[in-house]
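The structure appears right after this line, and notes come after that.
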Amino acid sequence: QQSRGLGEHHKTQVRIVQAPKPPYPFRARKLGFEGEVELAITIGKDGFVKTGNIIRSSGRNDCDSSALDTVLSKWRFSPATFSGIPIESKEQVVVRFQLR
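This note's numbering numbers the first residue of the sequence shown as 2 and each following residue consecutively.
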């Protein structure tokens, strides 16, 4: 008799491992601009961001580009898993530009 445990097909969510802040564009900083960019991203089985696009703009192209470029090139994740095996996943992230 085999029993099928609940953990057999357990899915885990992604976890951020590395998420450096994007460079604050000079003109945006000089003008005192603050805002946030919402991105839709695809995280590969290796934890690298494979694709990304802007789903909500900050209102400034330079901030949007800085956020997208940084997430695509520098952010790293512990990938989602299904039954212990890494899987590709689609996520949404928000990048904030905030003056201190």
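Just so it is clear, CB atoms sit at the ideal spot from N, CA and C, and this is done for glycine as well. All figures in this text were calculated on a predicted structure; none of them were measured in a lab.
Rounded to the nearest angstrom, what separates residue i and residue j at their Cα positions?
i                : j                : result
isoleucine 17    : phenylalanine 98 : 19 angstroms
aspartate 63     : leucine 32       : 13 angstroms
valine 15        : threonine 52     : 15 angstroms
phenylalanine 49 : proline 80       : 8 angstroms
phenylalanine 83 : arginine 30      : 42 angstroms
glycine 85       : threonine 13     : 8 angstroms
lysine 75        : isoleucine 44    : 12 angstroms
phenylalanine 1  : valine 95        : Coverage of the chain is limited to positions 2 through 101, which leaves residue 1 absent and any answer about it impossible.
glutamine 19     : leucine 73       : 12 angstroms
leucine 87       : arginine 77      : Contrary to the premise, residue 87 reads as proline rather than leucine in this sequence. Near 14 angstroms, if we compare the C-alpha coordinates of arginine 77 and proline 87.
In terms of DSSP beta bridges, what is residue i paired with?
i          : result
alanine 20 : In DSSP, alanine 20 forms no bridge with anything.
alanine 41 : Asn54, Gln93
alanine 81 : Ile88
glycine 36 : Phe98
lysine 12  : Phe83
Whose C-beta lies closer than 8 angstroms to the C-beta of residue i among residues of the same chain, with five residues either side of it excluded?
i             : result
isoleucine 56 : Glu39, Leu40, Ala41, Gln93
threonine 71  : Pro21, Lys22, Pro23, Pro24, Val96
Under 7 angstroms Cβ to Cβ from residue i, same chain only, skipping five residues before and after it: list those, please.
i          : result
glycine 60 : Gly36
serine 67  : Pro23, Pro24, Pro26
Using a Cβ-Cβ cutoff of less than 6 angstroms, which residues in the same chain neighbour residue i once the five nearest sequence positions on both sides are dropped?
i             : result
asparagine 54 : Ala41
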